[in-house]
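>
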Amino acid sequence: MASGSTSGQKLERGASASKSPSQEKPQSTAPLSMVVTDAVRRWFVETSKEASKGDVKQQALVGQMLCEGYGCNPDPAAGREWIDKARRRGYRMSGVYCEL
Numbered sequence: 019m020a021s022g023s024t025s026g027q028k029l030e031r032g033a034s035a036s037k038s039p040s041q042e043k044p045q046s047t048a049p050l051s052m053v054v055t056d057a058v059r060r061w062f063v064e065t066s067k068e069a070s071k072g073d074v075k076q077q078a079l080v081g082q083m084l085c086e087g088y089g090c091n092p093d094p095a096a097g098r099e100w101i102d103k104a105r106r107r108g109y110r111m112s113g114v115y116c117e118l
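This is how it looks when you write it as structure tokens:
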């Protein structure tokens with residue numbers, strides 16, 4: 019009996035020394051919706067930077083994002099300006115959604 023309780027104590031001590039992830043105290047995390055919103059916002063910022071540098075595909079994309087308010091506040095007038103700029107540079111948006 020004594021050996022049984024000793025091995026039980028060893029297991030208990032060993033278990034407390036290396037807890038499984040489900041036994042660890044949960045860390046504070048942001049809700050998934052906040053993580054996604056932040057990622058979309060950062061995507062808009064990066065797309066805007068590339069559009070400003072002259073990337074015609076990014077100009078069309080930032081225009082669409084502005085029109086729909088995806089990653090930013092909606093601004094259809096500014097969005098149309100970016101889309102028109104991309105169009106004047108030869109970019110055609112037809113079929114873009116078919117690729118997704």
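Numbering of the sequence shown is given in the working numbering, commencing with residue 19 and proceeding in unit increments. Just so it is clear, CB atoms sit at the ideal spot from N, CA and C, and this is done for glycine as well. These numbers were taken from a predicted model, which means no experiment stands behind them.
1. Quick one: using the 10 Å Cβ neighbour count with 16 as the cut-off for buried, is V80 buried or exposed?
2. Assign M52 to one of two classes, buried (16 or more other C-beta atoms within 10 Å of its C-beta) or exposed (fewer than that).
3. Considering only residues of the segment 64–104, which uninterrupted alpha helix (DSSP H) runs meet the minimum length of 4 residues and lie entirely inside it, listed in chain order?
4. Give the straight-line distance between the Cα atoms of V74 and T55, rounded to the nearest whole angstrom.
5. What does the alpha-carbon distance come out to for the pair R107 and R98?
In short, the structure shows the following:
1. Within the sequence shown, numbered from 1, the residue matching residue 80 stands at position 62. Flag for V80 reads buried.
2. Along the sequence shown, one-based indexing puts residue 52 at 34. So M52 ends up on the exposed side.
3. The qualifying runs are 74–86.
4. Locating residue 74 in the sequence shown gives position 56, where the first residue counts as 1. Locating residue 55 in the sequence shown gives position 37, where the first residue counts as 1. Near 25 Å, if we compare the C-alpha coordinates of T55 and V74.
5. The residue labelled residue 107 in the question sits at position 89 within the sequence shown. The residue labelled residue 98 in the question sits at position 80 within the sequence shown. Their backbone Cα atoms lie some 14 Å apart in a straight line.
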